[in-house]
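Per the UniProt record's numbering, the very first residue in the sequence shown carries number 1; after that it's consecutive.
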Amino acid sequence: MTSSHDAAAVPVTSDLPGAGPPGVPATASGKAVTGSKRARLGRNLVAAIAVGLGLGAVILTSLLLVREAFVGVLAVCTAVATWELAGALRRGADIRVTLPVLLVGGQAIVWLAWPFGLRGMAISFAATVLASLLWRMRGGAANFVRDIGSSLFVAAYVPLLVGFAVLMTLEPDGVGRILTFMICVVASDVGGYAAGVVAGRHPMAPKISPKKSWEGFSGSMVAGMAAGALCTELMLATPWFLGALLGALMVCTATAGDLVESLVKRDLGIKDMGTTLPGHGGLMDRMDSLLPAAFVAWAVLGLIVPAV
């Protein structure tokens, strides 16, 4: 999730063309914001909370009742996020990815991970790469490398990383693994936001994401490690200190995911990836930290959790 870590701590400024004077917050269109306009720039908090609770309810219900339904939820999220990212690339830089191939290939990666595991993911991803090359050949040589490179980026960034969440559900204790993964990321987000609001003073990456502070990152680390320790001890029969290590790695990965998406959006000159979720922006704006963290959770839990 794109963390609002430090929303109240470090003012957001814009380095995009057309922004207002240095140090004056700017809107996504580049116009300087003054006075009462600032109060209207925040997200719709009520809508954001309602959407967040709704998504959480759908995810938990599908995970706890029917795992295949949970995979279906992941497949839908994959399709929407792929569509949003492709649209953002086109709007911001006129990059035309192989969207039909990516949508079909993304579904193959997610669904074939369920019966065939990592092998199914690898075969589906390789097939998506080859199909993208063939599909883009129809457009000629102009911008071929750029469009194909971006297509492979989308395929790896969204469906491939989602596939690792599917792999976790295949384990006998898959529900516990998925819950541990999600709780760690949510705890990181909440802890970072709280610490950033209360104590955020020192920007972490001012040229990438001015809202993030080192104090917010510290809050994320404390909350993420605590969540990891509790979840592994209570749900996965794994010593708490290994869970704390998992939490620390998840926080670092989730933060890196936030920063990567911030870089992409700054490069494209856009504020949000889409408008799918009221109060949140696009679904991709909620998945940016979850995607890389899914791989880390799958890899680390596979090493530290005893076989069932």
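Note that CB positions come from ideal geometry on N, CA and C, so glycine has one too.
I need the straight-line Cα distance from Gly192 to Ala142, nearest angstrom please.
44 angstroms
For residue 309 and Pro239, I'd like the C-alpha separation in whole angstroms.
The chain is shown from 1 up to 308; residue 309 falls before or after that span and cannot be answered.
With a Cβ-Cβ cutoff of 8 angstroms, do Ser124 and Leu152 count as a contact?
no
Would you check if there are 3 or more beta carbon pairs closer than 8 angstroms linking the segment 266-275 to the segment 239-252?
no
Would you list the one or two residues that DSSP bridges to Pro203?
For Pro203, which the question treats as bridged, DSSP gives the partners Ser213.
In angstroms with no decimal places, state the Cα-to-Cα distance between Pro159 and Asp147.
Cα-Cα distance, rounded: 18 angstroms.
Output needed for Ala254: all residues of its chain with C-beta closer than 6 angstroms, excluding positions within five of it in sequence on either side, in chain order.
Same-chain partners within the cutoff: Val185, Ser188, Ser289, Ala293.
Relative to the alpha-carbon of Leu102, which residue among Arg119, Ala127, Thr61, Val46 has its alpha-carbon at the smallest distance?
Out of Arg119, Ala127, Thr61, Val46, Ala127 has the C-alpha closest to the C-alpha of Leu102.
Do you know how far the Cα of Phe164 is from the Cα of Leu242?
Approximately 20 angstroms between the Cα atoms of the pair.
Give the straight-line distance between the Cα atoms of Gly224 and Gly56, rounded to the nearest whole angstrom.
Their backbone Cα atoms lie some 18 angstroms apart in a straight line.
Could you spell out where the alpha helix (DSSP H) holding Pro292 opens and where it closes?
Membership of Pro292 in the alpha helix (DSSP H) is indicated by the continuous run 290-304.
Please classify Pro210: is it buried, with 16 or more other beta-carbons within 10 angstroms of its beta-carbon, or exposed?
buried
Give the range of the alpha helix (DSSP H) segment to which Ala81 is assigned.
67-93
For the alpha helix (DSSP H) that contains Ala307, what are its first and last residues?
No alpha helix (DSSP H) holds Ala307; DSSP gives it neither H nor E.
Please work out which residues of its chain come closer than 7 angstroms, Cβ to Cβ, to Met235, disregarding the five sequence neighbours upstream and downstream, and give them in chain order.
Gly176, Leu179, Thr180
Please identify the residue among Pro306, Gly281, Val305, Ile109 whose C-alpha is closest to the C-alpha of Ile49.
Residue Gly281 is the option with its Cα nearest to Ile49.
Do Glu215 and Gly200 count as a contact pair if the criterion is CB distance below 8 angstroms?
yes
Give the DSSP-derived three-state secondary structure of Leu236 in the structure shown.
coil
Please report how far the alpha carbon of Leu161 lies from the alpha carbon of Val46, in whole angstroms.
30 angstroms
Excluding the 5 residues flanking Arg90 on each side, which residues of the same chain have their C-beta closer than 7 angstroms to its C-beta?
Arg96
For Arg119, count neighbouring C-beta atoms within 10 Å of its own C-beta (all shown protein chains included) and say buried if the count is 16 or more, exposed if not.
The C-beta of Arg119 has fewer than 16 other C-beta atoms within 10 Å across all chains shown, which makes the residue exposed.
On the DSSP bridge list, what partners appear for Gly281?
Leu277
Output the distance between the C-alpha atoms of Leu80 and Gly196, rounded to the nearest integer angstrom.
The question names Leu, but residue 80 is Val in the sequence shown. In a straight line, the C-alpha of Val80 is about 30 angstroms away from that of Gly196.
Let's test the definition: count the other Cβ atoms within 10 Å of the Cβ of Met182 and tell me whether it reaches 16, buried, or not, exposed.
buried
Note down the Cα distance separating Gly302 from Val104, rounded to an integer number of angstroms.
29 angstroms
Just to confirm, are Gly117 and Leu167 a CB contact at a threshold of 8 angstroms?
With respect to Leu167, Gly117 sits close: the two C-beta atoms are nearer than 8 angstroms.
With a Cβ-Cβ cutoff of 8 angstroms, do Ala86 and Val154 count as a contact?
yes
In whole angstroms, give me the CA-to-CA distance for Ser213 and Trp114.
39 angstroms
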